Structure formats: C-alpha cells, structure tokens
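Novice: Below you'll find the structure I mean.
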Amino acid sequence: MNVAVAKTESGRAVSDLFASAEGRLPGSPAVVAVRREAFETYERLGLPHRRLEEWKYTDLRAMVGEVLPLAVAPDAAALSRAADAVKAHAFEGARKLVLVDGVFTADLSDVKALPAGVSVTTLRETLDKTADLLTTASTDAVISLNAAMATDGVVLSIADGAQPSAPVQIIHVATAPSASAFTRSQVRIGKGARPTIIESFVSAGASAYQVNDAVLVSIGDDADVAHIRLMDDAPDAVNITSQFVTVGANVKLNYFNMTTGGAVSRLQGFITFAGEGSELSVNGVNLLKKTEHGDLTLLVDHAVPNCMSRETFRAVIDDRAHSVFQGRIIVRPDAQKTDGKMMTRALLLSDEAEADNKPELEIFADDVSCGHGATAGALDDSLLFYLRARGLPEKDAQALLIQAFVGEAIEQIADDDLREHVIGVAERWLGRRS
Amino acid sequence: MPAVQETVERVKRIDVDQYRYGFETLIDSEKAPKGLSEEIVKFISQKKNEPAWMLQWRLEAYRRWLTMTEPTWARVEYPKIDFQDIYYYAAPKPKKSVASLDEIDPEILKTYEKLGIPLREVAMLEGIEPKVGEQDPAQRKIAVDAVFDSVSVATTFKAELKKAGVIFMPISEAIREHPELVQKYLGSVVPTSDNFYATLNSAVFSDGSFVYVPPAVRCPMELSTYFRINERNTGQFERTLIIADKGSYVSYLEGCTAPQRDENQLHAAVVELVALDDAEIKYSTVQNWYPGNSEGKGGIYNFVTKRGDCRGRNSKISWTQVETGSAITWKYPSCILRGDNSSGEFYSIAISNGFQQVDSGTKMIHLGKNTSSRIISKGIAAGKSQNTYRGLVTAHRKATGARNFTACDSLLIGDKCGAHTVPYIEAKNSSATFEHEATTSKISEDVLFYCIQRGLSQEEAVGLVVNGFVKDVLQQLPMEFAVEAQKLISISLEGSVG
C-alpha cells in the first residue's frame, strides 16, 4: 500500500497551517483535542490520490497539490461584494443563511425572518458545548481535514410536522482569493416535516480558492424533503463536499446536485436508509468545460428492507473537461424487497473530453430488483441533421439536444419553481458556451 | 414463497460435495523440494532442458517477484498464502522417454478417461468411419494437450496438425524447438512484471501449450488442453501462448479439474494470445477446479492472468468462459484492441455455490480506430458464495469510433449469497460509444409459477430459467463444450446428477 508515503510538500504546508490556524478555530478544549486527533488522521493519510479506490479518478494530490491557508475575515469591501453575489444567486422567496469565507454572516442572512418550525444556530455556538458534530464514522482524509479545520457552519432544525412556508437556502460565498474555507453544517429534519433546502456555492470575485464542506443530514420518519445543491464556483476553484444523509422510515427525499464550475469539484454523498418504506430520488447534472473536473460520488446504502432508490445522472463535457460518476448501491443481507436503479449517461462534446463512470452494485440479499445502466457518446448526428435541416444553426441545434439530454435528470426535481430555477442555470451555462 | 424455499433447500443440499472429479490418481511423481528460491527456478529450467535465455528470463521474473506484494483489491478473502509451503514442480515419474501414447502411464490415461477427455485418438487412427447420419468426423476431432500437475503428458493429432502447418505442442518443447517464435512472443502480452501472480508464473511455469497457426491457415480442428492438478500441496503454473498469424483462425478449448483435498491449492496460470492482421482466436474455458467442500474447506485458488492482444488490423479475439469450480476465482480475460477495426468479445458464465468466491470479469482496452467489443456476463450466486463481476472498458484519445456493449446480469439463489457488479467505463474521446447495463434479481416467482403450472417440477423450472439466463453465453461455446457446460451448470445448481 502506498498510503503511508513520505510527507509531501503539501502535507507539511498543512501542518504549519493547522498550527497557525488553531487559535482561530472555535471550540472548547475538548473540541480542540478532537480537532487535533482528526488532523493527525489527515496528516497520516495526506490528500487522497488515485491509488485509493474511492479517489481513483479524482487524484487530489496531483490536481490540487496543497491545501491553501485559512481565509482571513472579510473586510467591508469583500462583504459588499458578497452581498451582491448573494442577491444574484438567491432563490426567489427563500430564506437565506449566508456563510462568507467559511463564517456565518448574520447581516446577510434572514435569521429574523425564518418561517415557523425552522430554527438556526451556528456550528461555532455548538462547539462551545460539544464536539459531536465534528465526529463521523468516515475515515476519509478530506473529512478528517474538515473536522480539524471547520470554522463555522449552519445548524438547521426543522421541527416535527413543520411545513415551512418558504425554502431555506444556505449560500456559501467566497471572497478571499487563494485561501480555503472549511465549513460543517447539520440539517435535522423532524418527523413528518416537509422542507425545501437549497445549498449554493458561489464566488464573489474570488479566484483560486478552496472549499471543504461537510453536511450531516438526518431525516425523521414520514418527512417529505426536497434538497437541491448548486455548485457554481469560480472556474479555478476547488470544492470538495461530503454529505452524510440518514433517512428514516416512509420518507420521500428528492435530491439534486448540479455542478457548473470549479477546476475540481467533488460531491461525495453517503446516503443510508435507516427506516423501511422510504423512497429516494437522487439526481445530478455536471456541466463542464475548459479543463474543469467534476466528480459525483454517491453511496446509497440499503441497510433495511422495502426501500426504493432511483439515481439519474447526466454529464455534458466540453473542451478538455473530465466528468466522473461513481455510484454504489449496497443492499445489506436483510434488506429484502429493495428496489434500486441507477442510470448514468455522459455526452462528450469534444474529442479531448473524458467521462469515467463506475456504477457499482453490491448485493447481499436475494429478493431484490437492482440494476444500473451507463452510456457515453457524442451527440447523435442524425438528430443534429434533422434540426439543421429545419433551419436551426448548429449551435442552437446542439443546445436544444443538450437541453433535452440534461432535462432527463432535471425533470426529476419534483418542485416546479426549483426545477425552473435549475433549468435557468443550465440555460445560462449553455448560453455561455456558444 | 414456499416454492422458492424449496429451491433454496435443494441448492443447500446438493452443494459442492457432488464434485465428480475429486478422485486422486496414485502414481509415482517426481517433485522438486518445497518452497521457492533461485535454486528451484534453476531446477525447473534444468528439468526442462531449457536454453540459457529462458533461465535468464525466469530468474529476472523471480527477482522481480521478490519485490512485489500480493494484490488485495479483489472482493475475495482467504488466509495468507505461504509461498514457501508449495511444491513448484511435480511431474509423473517417467518410466522412460515417452515415444507414443501407449507408453504413458496407464494410470494417467485412466484418469483422463474418467474425465472424459478423448486422449486416445484410437478410433480415428484405426480409421473407423462414422456411420452415415452421424456427426461430421471433422467435428469430432479435437487435438488435446493434457497437462498433469506440472508437465504435459500427451499431445494428440500432432501429425495431422503438422500437415496444415499448425504447431501445437507443450510449451517446454516449443522453447527448445521454436525458440525464435517463443522469444518473440512470450511475455509480449503479459510482461513478466505484469502482476504478482503473472510474475510468479513467469519464474516457475513448468508447462503449458504452445500454438502457432501460420498465415492464412484455418486450423483444421479444435485444439484443447486439459489441466489436472493431482499431487498434494502443489501449485500448478502453466503458461499458454497462442499466436494466430495473418489471416488465420484457431479455436482453443481449455478444461480443468483437481482432486478433492482439504488444503487449498494454488493455480496461477498465464495465457497470452496474439492475433495478427485479419486473424481470429476463439478461446473457450470450462473451469471446474475442485471448489472445496460444503464447509468451505479446501479447493483451488484460481489466480489467473489471461490476455489477448489484437495486434493486427481486423483481428478478433473471443473469450468464452464457464466458471463453476475453484474456491476462489480471480480472473479477468482481457483484450487489447490495438489494431484498427479489431474486435474483442467476452462471454462468461460464473456460477458460485457453497463458500466459493468469484471475482471475475474482463478488460476491453480500445487503442485502435473503429474497434469494437462486446461483454456478456452472467453471474449466478447460490449458497453462501460471493460472485463479483469486475470489468473495465476504456477508449483512449486516439481510439476514434470505439464501440462497446456490456450486459452483466446476476441471479441470486438464496439469501446468504452476494452478487456484485463493479464496472469501470472510461471514455476519452467523443466518438466512443459505450453502453452498459446490469441487473440483479432472483428468479421471478411469476416465471416459476408459469412453468410449474404447465407441469414442470420445481427443479426443472429452475433449470429452465437458469439455462435461459445463460443461453447467450452457452451458444458461444463449441458444441462439445456446450454440452459439458450445460451438465456442469445443472450439477452446480440443481443437485440432479448430470
């Protein structure tokens, strides 16, 4: 195993960084001990590299090299840029919770106007009392690094039975160039609640920054949840997000991620069914160009019987971009009557584009129906010809076909307004392309 | 539900105890001392009267092997192998130098007879004509190279093949008689440094088959090798090298069995195929090594490296495998599609029962233009077995027009087994068109009900469904093998005596 390689340049840089950042990291002495331990884990493992199976296609050691120093507190000018960015990316009618360079910014957030049944605190506040939010079962290096360095985050709770009148949007804004932000949030959804949650990652004029986010989501029985993520970072930014989702019984979860920017983006989702009768629809779209690298890694763990999961993923890859989809469905020994399907398709618009798909099934129960499909290819010439014969310019014809292609994933979004919003983002991307 | 329960019960009962080839042949054999060292490598080379270059090749591989570690990425679990506790060379003790089949130890011949291997070409030689209406005689002719423990004991039909210009002989003889061909191609597809087990094989391989089909020759008969591990504590390391020169065609069959023993035995073979311009190689395997008993004790560790290189334009390599045996299978017959317009195929049935562990699949590496590949994999898991399909399809930048179709389906019988699919699909240019689909399910109760309602017994119904499930692959096998394979499938799963 090559895991324990000698310290790289980046490894050393980080240890300096941790020492210098330690004073600025919130938390009681007990929290500091947890952080130090997490950091030691990270230091031992280093940045993930291609020899680790889960990171085979996203070699952070080669692509990122080193973790940048922690961002300093934003000044007034940065805050005003952040305010503009928030305005531009806000979802209409949503209550905003804004993190600027990894720190919760109440002035830009709608803390006072939260709908009934929704309450918010920050990670910073909880760390004064407990380190619980910093511990996860994962041994992944980037998650350990996140635990060590997390500066702030949103702790959001939706009360049992609550049907919030407005969506809640968590917006991560980057204003500091060449710096990194570490955030860790928690979303607790009570029994029978029906919330809509949006997460956005945007840049306010910053470039070459790094984001390392972790979100712990727990969903109570009978809840009906819409969860949308929009990763729209600066073209030279790095964004690694880890999400842990625990799903109760009879839950409906409609989950969608769209990546439209970032030199290196990765969302790794670990979704576990903890109660029977739940239905999960997890969908994603990667729209990549230039030398962007987008990775969606999803693990759906059918730990209990009688659950259903559907995964639909579409990637549109232009120029020399690289899209990765790693989907894994695990069906545990007693999870009978599991119904799991996964479909991933990649559209390559350029001869130098690359699509890597790894749809895995790991099945230990017999009374199941599981399947996956994967395709990769170019736009269908005969369809293009059909459209052009009817007078559409080539770019428009392409755009129409691409829209239809990603539409198969986007239309899985149940909420009409959210779907329209996402279609708008996709259209803007297509517009920029031509 | 009771219907299904019945199947599960039956599968439980039949188990791997039904291994028909578990007998042991008592013959004198000559063994090298246990363990592995440069001396053993030299000993093997000397035993084989090998030229100096071959010994050098082996020693280089051995030194390389010392620096390597065992791969651990496959979904298989087994206690660590003590590589010093294995005999690396075992040969039936020769009574004298063997000039004809009659001089081979009758015990060995009996073994092969029991296995049903047509070693004796007696009928053919005596000119018994088949009656009108019987099979075409050409179809019944199969040239066999039989490998007993470490050495090849008999190769049949040599004369007739020679007439066609086909070279078919034990690789140990080929090293002496056709050094130019062996030197040119050996290790050119699976280099000595390829992986842990291939490197080990390169150092200690003792025999195997060598085939060379000259340009524009269609090999007049099926070629076949039968591998048999007989000795206790031995590892079998055979090496097969098949070269199809321009415009030629050859179909090659491989079968394997071993006695029933409590300890695990290692089998680490390497197979290299080279297809030049317009050539085609069809390679079929029925692997039925001893799978261990019902408690998972004993059985063969089958760690095999098989790779074909479509080196020429328009060349084609087709792998077909029926995997029913071995305690652990770790095997990925692959195609390197180097020549433009070349194509690769992989058809596989992998059946696991008892405590068997299978991690098998293929790699299709598209390098040339307009290359195509097709993967059909059927995994059937029963008992407490784990059955994994692991496959890679990749098209490089310059492999424009690459096409792949993959279908891997798994069937689960019983709730203690596992079926897994791990495909890697890498498209690096836009004109590559890849399609992949996989499903996992149990035998549909509706289908079973339909069959039973029409008067089939539970067992027949399951047999029918399973055979339908694997039909696509069975059709790819040569006739004789298809029959054998069908029998094997029923033995492995249904408990009825085949």
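Chains as they are written, first to last, in the numbering used here: chain A, 3 to 436; chain B, 24 to 521.
Cβ coordinates follow ideal geometry from the N, Cα and C atoms, glycine included.
Just so we're clear, the structure is a prediction, and the values are computed from it rather than from any experiment.
Taking a Cβ distance cut-off of 8 Å, strictly less, list which residues of the segment 427-453 of chain B are near chain A, in chain order.
Specialist: Listed in sequence order: S433, L435, I436, G437, D438, K439, C440, G441, A442, H443, T444, V445, P446, Y447, I448, E449, A450, K451, N452 and S453.
Novice: With a threshold of 8 Å between beta-carbons, can B:A146 be considered close to chain A, or not?
Specialist: Along the second sequence, one-based indexing puts residue 146 of chain B at 123. Bear in mind that a pLDDT of 40 at B:A146, under 50, signals an unreliable position, so the model cannot answer this.
Novice: Among the candidates B:S307, B:I198 and B:D108, whose CA atom is the shortest distance from the CA of B:Q499?
Specialist: Locating residue 499 of chain B in the second sequence gives position 476, where the first residue counts as 1. Comparing Cα positions, the closest option is B:S307.
Novice: Leaving out five residues before and five after B:A425 in sequence, what residues of the same chain have Cβ atoms less than 6 Å from its Cβ?
Specialist: On the second sequence, residue 425 of chain B is found 402 positions in, with the first residue counted as 1. The answer, listed in chain order, is H389, T394, A418 and A455.
Novice: Name the residue from A:A32, A:V34, A:E24 and A:W431 whose alpha carbon lies nearest to the alpha carbon of A:M233.
Specialist: Position 231 of the first sequence holds residue 233 of chain A. Taking only the C-alpha atoms, the option nearest A:M233 is A:W431.
Novice: Cβ of B:I323 within 8 Å of Cβ of B:F369?
Specialist: Within the second sequence, numbered from 1, the residue matching residue 323 of chain B stands at position 300. Within the second sequence, numbered from 1, the residue matching residue 369 of chain B stands at position 346. No.
Novice: From the beta carbon of B:T394, is the nearest beta carbon of chain A less than 8 Å away?
Specialist: Working through the second sequence from its first residue, we reach residue 394 of chain B at position 371. Judged by the 8 Å Cβ criterion, B:T394 is not in contact with chain A.
Novice: Give the interface partners of A:S187 over in chain B, defined as CB-CB distance under 9 Å, in chain order.
Specialist: By one-based count along the first sequence, residue 187 of chain A stands at place 185. Per Cβ cutoff of 9 Å: no residues; A:S187 is ~32 Å from chain B at best.
Novice: Out of B:K54, B:L78 and B:A302, which one is the CA nearest neighbour of B:Y110?
Specialist: Position 87 of the second sequence, counting from 1, holds the residue named residue 110 of chain B. The residue with the shortest Cα to Cα distance from B:Y110 is B:K54.
Novice: State yes or no: is the C-beta of A:L350 within less than 8 Å of the C-beta of B:A450?
Specialist: If you number the first sequence from 1, residue 350 of chain A lands on position 348. If you number the second sequence from 1, residue 450 of chain B lands on position 427. Yes. Within cutoff.
Novice: Going by DSSP, what residue range makes up the beta strand (DSSP E) through A:N359?
Specialist: On the first sequence, position 357 is the one that residue 359 of chain A refers to. Unbroken beta strand (DSSP E) run through A:N359: E356 to I365.
Novice: Between the segment 346-372 of chain A and chain B, which residues of the former have a C-beta closer than 8 Å to a C-beta of the latter?
Specialist: Those residues of the segment 346-372 of chain A that come within reach of chain B (Cβ to Cβ, closer than 8 Å) are A348, L350, L351, S352, D353, E354, A355, E356, A357, D358, N359, K360, P361, E362, L363, E364, I365, F366, A367, D368, D369, V370, S371 and C372.
Novice: Answer yes or no: does any C-beta atom of chain B fall closer than 8 Å to that of A:E281?
Specialist: For the purposes of this step, residue 281 of chain A is identified with residue 279 of the first sequence, where counting begins at 1. It does not: the Cβ of A:E281 has no partner Cβ on chain B nearer than 8 Å.
Novice: Specify the secondary structure class of B:P153 as computed by DSSP and reduced to three states.
Specialist: Start at 1 with the first residue of the second sequence, and residue 153 of chain B comes out as number 130. Caution is warranted here: a pLDDT of 38 is assigned to B:P153, below 50, making its placement in the model unreliable, and no coordinate value can be reported.
Novice: Could you check which residue in B:F233, B:R334, B:M91 and B:I448 has the C-alpha nearest to that of A:Y59?
Specialist: Locating residue 59 of chain A in the first sequence gives position 57, where the first residue counts as 1. Residue B:I448 is the option with its Cα nearest to A:Y59.
Novice: Thinking C-beta only, is A:S371 closer than 8 Å to B:S464?
Specialist: Indexing the second sequence from 1 puts residue 464 of chain B at position 441. Indexing the first sequence from 1 puts residue 371 of chain A at position 369. For B:S464 and A:S371, yes; Cβs fall inside 8 Å.
Novice: Along chain B, which residues have their Cβ under 9 Å away from the Cβ of A:A376?
Specialist: On the first sequence, residue 376 of chain A is found 374 positions in, with the first residue counted as 1. T429, P446, I448, F457, E458, H459, E460 and A461, listed in chain order.
Novice: Give the DSSP-derived three-state secondary structure of B:N224 in the structure shown.
Specialist: Here residue 224 of chain B is taken as the residue at index 201 of the second sequence, counted from 1. Three-state DSSP puts B:N224 in a helix.
Novice: Please confirm whether B:S383 has its beta-carbon closer than 8 Å to some beta-carbon of chain A.
Specialist: The residue given as residue 383 of chain B occupies position 360 in the second sequence. Not one chain A Cβ lies under 8 Å of B:S383.
Novice: Does any C-beta atom of chain B lie closer than 8 Å to the C-beta of A:E55?
Specialist: As a first step, residue 55 of chain A is located in the first sequence; it is residue number 53 there, counting from the start. It does; some Cβ of chain B falls within 8 Å.
Novice: Which residue marks the beginning of the beta strand (DSSP E) containing A:M39, and which one marks its end?
Specialist: Position 37 of the first sequence, counted from the start, is the residue given in the question as residue 39 of chain A. Inspection of the sequence shows that residue 39 of chain A is occupied by Glu rather than by Met. Taken as a continuous stretch (DSSP letters only), A:E39 belongs to no beta strand (DSSP E), being part of the alpha helix (DSSP H) at P31 to L47.
Novice: For the segment 323-338 of chain A and the segment 299-306 of chain A, state whether three or more C-beta atom pairs, one from each stretch, are separated by less than 8 Å.
Specialist: Yes: at least three Cβ pairs fall under 8 Å.
Novice: Assuming A:N288 contacts A:A317 under a Cβ cut-off of 8 Å, what Cβ separation, rounded to an integer in Å, is found between them?
Specialist: Residue numbering aside, residue 288 of chain A sits at position 286 when the first sequence is read from its first letter. Residue numbering aside, residue 317 of chain A sits at position 315 when the first sequence is read from its first letter. At roughly 4 Å, the Cβ-Cβ gap stays under 8 Å, so A:N288 and A:A317 are in contact.
Novice: Measuring CB to CB, does A:D223 end up less than 8 Å from A:K193?
Specialist: Taking the first sequence and counting its residues from 1, the one referred to as residue 223 of chain A is at position 221. Taking the first sequence and counting its residues from 1, the one referred to as residue 193 of chain A is at position 191. It is a contact, given that the beta carbons lie within the stated cut-off.
Novice: Between B:E303 and chain A, is the shortest Cβ-Cβ distance under 8 Å, so that the two count as touching?
Specialist: For this step, residue 303 of chain B is matched to residue 280 along the second sequence. By this cut-off, B:E303 is not an interface position.
Novice: Taking 8 Å as the threshold, find out whether the segment 60-79 of chain A comes into contact with the segment 157-166 of chain A through three or more Cβ pairs.
Specialist: Segments in contact, no.
Novice: Looking at chain B, is there any beta carbon in it that lies within less than 8 Å of the beta carbon of A:I380?
Specialist: Locating residue 380 of chain A in the first sequence gives position 378, counting from the first residue. According to the sequence as given, residue 380 of chain A is Ala; it is not Ile. Output row for A:A380: interface = yes.
Novice: Between the segment 464-479 of chain B and chain A, which residues of the former have CB atoms less than 8 Å from a CB of the latter, in chain order?
Specialist: So the close ones are S464 and K465.
Novice: Pick out the complete alpha helix (DSSP H) segments inside the segment 201-247 of chain B, 4 residues or longer, and give them in chain order.
Specialist: The segment 201-247 of chain B contains these whole alpha helix (DSSP H) runs: 202-208 and 219-227.
Novice: Beta-carbon of B:W96 versus every beta-carbon of chain A: anything under 8 Å?
Specialist: One-based indexing of the second sequence puts residue 96 of chain B at position 73. Chain A, which has a Cβ nearer than 8 Å to the Cβ of B:W96, makes this yes.
Novice: Look at A:L27 and A:R37 and say whether their C-beta atoms are less than 8 Å apart.
Specialist: One-based indexing of the first sequence puts residue 27 of chain A at position 25. One-based indexing of the first sequence puts residue 37 of chain A at position 35. Yes. Within cutoff.
Novice: Apart from the five residues on each side of it in sequence, which residues of its chain come closer than 8 Å, Cβ to Cβ, to A:K131?
Specialist: Sequence index remark: in the first sequence, residue 131 of chain A carries index 129 (1-based). Taken in chain order, the residues that qualify are S30.
Novice: Starting from the Cα of A:K397, find the closest Cα among A:S140, A:E410 and A:L381 and give me that residue.
Specialist: By one-based count along the first sequence, residue 397 of chain A stands at place 395. The shortest Cα separation from A:K397 among A:S140, A:E410 and A:L381 belongs to A:L381.
Novice: Helix or strand or just coil, what does DSSP make of B:W353?
Specialist: The residue labelled residue 353 of chain B in the question sits at position 330 within the second sequence. Strand, per DSSP.
Novice: Pair every Cβ in the segment 263-274 of chain B with every Cβ in the segment 230-246 of chain B, then say whether three or more of these pairs are closer than 8 Å.
Specialist: Verdict: yes, contact present.
Novice: Please report the residue range of the beta strand (DSSP E) in which B:Q288 lies.
Specialist: Residue mapping note: residue 288 of chain B aligns to position 265 of the second sequence, counting from 1. Run containing B:Q288: N287 to H290, per the beta strand (DSSP E) assignment.
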